[in-house]
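Numbering (our numbering), first residue to last: 1016 to 1523.
Note sheet for the following structure.
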């Protein structure tokens, strides 16, 4: 196990994040501590950071150093972004930090700041092509990637704090201020021809984007936890912006999901997201919890060779962590994947199921995670499985697909499926409901075929027989446990297919 840490000196917040890293398990965030410093507000008209601002920075770093020392972390990166980068006295700031705290600070270039955000997004979301936006307090980075490869990147010298200071004089934005801000944003975004009409999702990073997602979830009584990979439509994003623009700071401070330290900057921030949505003609707005600091860890602290990952590879990396956390036996999981895939493909061949690459991938993922809730309690493993998968952030899977995965990996029977589905009834079509039931019942049946956990079934043959289904199972040993469980559990698949299933076990 390796401990690494990043201190991110931003324009709005200063943050310390500590990670654990294991080769087989991957990277996990174990501490995330921030302080709101608003360093960009201490920059004078001529670009000098005031003594008060430097003092505030030093106080934060000295506090963080105590935490770093407590965790005995040697592998540390301290980086600074726009506020320090834009300060004319930045060399002096770095010397003060080195003398008083003992840390060497790297000032990220605009290109590096944009790049690290891109790295984090392509390693933690399923988006193949998209536009990223990372809006800090004093700068805003945008990138465009295609097939997971970075094509363009740019940093604008404005952020949520500087926009608020420039365009919002009172407790709420006036119509005149809104018009001026919109014109300002349109003019700046128009300087990047590669942004226009991309028609891809926007992946947003940073505190302002996180708060937008959290507020939207609160307003909708969102039924599951987590904002990583939370998706918003244009209607949702623009409606929320309109609501934020009409509220005073006092009203915003009472808004669930909005951090108190962002109540004065969330309105201009929301306008930035909407204007970017307009110029790109985006297909949706997605929040990524992984950003600059995670990108640094992936690229530098882990010394990883960065190559674009497919959607499935992103998911597999996250799957490793789940496997370790819930003691999933990899051999049993791989066996479940193969067995369920064989059953699915043969049922498709005889016309009992409709083949879909997407459904097969979902089935394999569900097979790997099937009944992981047994780790907590075998008697209520279905309930635990559904809750854990539904409410845990899993890289490479949007929330809609995460619920699908939770439903089939926890399948027990039709009534429990309907119970789990109840809060999500509008998320899926009737056809999707049926597919989920079929895949879940198939997994339940496949699970029964490994009743003794010895992986005895070596070959499956399925054929139609007198209008029903005959399943022949060739085994490498005594299948007493498998026969009992299969006869008991096949009823769920029979009901889903509306066909009787005859089983024949053949010992090789």
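In this text, a Cβ means the ideal position worked out from N, Cα and C, and glycines have one as well.
Around residue 1368, the same chain offers 1362 as residues with beta carbons nearer than 6 Å, after the five sequence neighbours per side are excluded.
Rounded to the nearest angstrom, the Cβ distance from residue 1245 to residue 1204 is 24 Å, too far for a contact under 8 Å. Residue pairing of residue 1090 in beta bridges, as defined by DSSP: 1019. The C-beta of residue 1216 has 16 or more other C-beta atoms within 10 Å across all chains shown, which makes the residue buried. Per DSSP, the beta-bridge partners of residue 1030 are 1023, 1049.
Per DSSP, the continuous beta strand (DSSP E) segment holding residue 1474 begins and ends at 1472-1480. In terms of Cα proximity to residue 1032, the closest of 1166, 1090, 1101, 1184 is 1090.
Excluding five sequence positions before and after residue 1281, the CB atoms of its chain that fall closer than 7 Å to its own CB belong to 1223, 1226, 1259, 1267, 1273, given in chain order. Contact between the segment 1298-1312 and the segment 1237-1256 is present, with at least three C-beta pairs closer than 8 Å. Excluding residues up to 5 positions away in sequence, 1169 lie with their Cβ nearer than 6 Å to the Cβ of residue 1207 in the same chain.
Under DSSP, the beta-bridge partners assigned to residue 1155 are 1150, 1171. For the segment 1329-1368, the continuous alpha helix (DSSP H) assignments of 4+ residues that do not extend past its boundaries occur at 1345-1364, in sequence order.
Straight through space, the alpha carbons of residue 1427 and residue 1437 are spaced by roughly 15 Å. When DSSP states are grouped into helix, strand and coil, residue 1391 belongs to the coil group.
Burial check for residue 1019: the Cβ neighbour count within 10 Å reaches 16 or more, so the residue is buried. By the Cβ criterion, the segment 1128-1148 is not in contact with the segment 1173-1180, since fewer than three pairs of Cβ atoms, one from each stretch, lie closer than 8 Å. Judged by DSSP in its simplified three-state form, residue 1084 adopts helix. Scanning the segment 1187-1229 for uninterrupted alpha helix (DSSP H) segments of 4 residues or longer gives 1190-1204, listed from N- to C-terminal end. In the displayed model, residue 1295 falls within a helix according to three-state DSSP. Residue 1419 and residue 1175 have their C-alpha atoms roughly 36 Å apart. Between the C-alpha atoms of residue 1028 and residue 1070 there is a straight-line separation of about 15 Å. Contact annotation, residue 1148 with residue 1219: C-beta distance approximately 5 Å; criterion of less than 8 Å satisfied. In this structure the segment 1377-1391 lies against the segment 1347-1354, because at least three pairs of beta carbons, one per stretch, are closer than 8 Å. Look at residue 1107 here: in three-state DSSP terms it is helix.
As a beta-bridge residue in DSSP terms, residue 1487 pairs with 1476, 1519.
Straight-line measurement puts the Cα of residue 1457 at about 17 Å from the Cα of residue 1479. Membership of residue 1300 in any alpha helix (DSSP H) is not indicated; the residue belongs instead to the beta strand (DSSP E) covering 1300-1303. Exposed is the label assigned to residue 1084, since fewer than 16 other Cβ atoms lie within 10 Å of its Cβ.
The bridge partners DSSP lists for residue 1064 are 1058. Per DSSP, reduced to three states, the secondary structure at residue 1310 is helical. Residue 1251 places its beta carbon less than 7 Å from that of residue 1231. In this structure, residue 1093 keeps its C-beta atom at 7 Å or more from the C-beta atom of residue 1122. Bridge pairing for residue 1035: 1018, 1043 [DSSP]. When the alpha-carbon of residue 1522 is set against those of 1475, 1407, 1424, 1329, the nearest one is in 1475. Residue 1212 and residue 1137 have their C-alpha atoms roughly 21 Å apart.
When the beta-carbon positions are compared, residue 1163 and residue 1116 stay at least 7 Å from each other.
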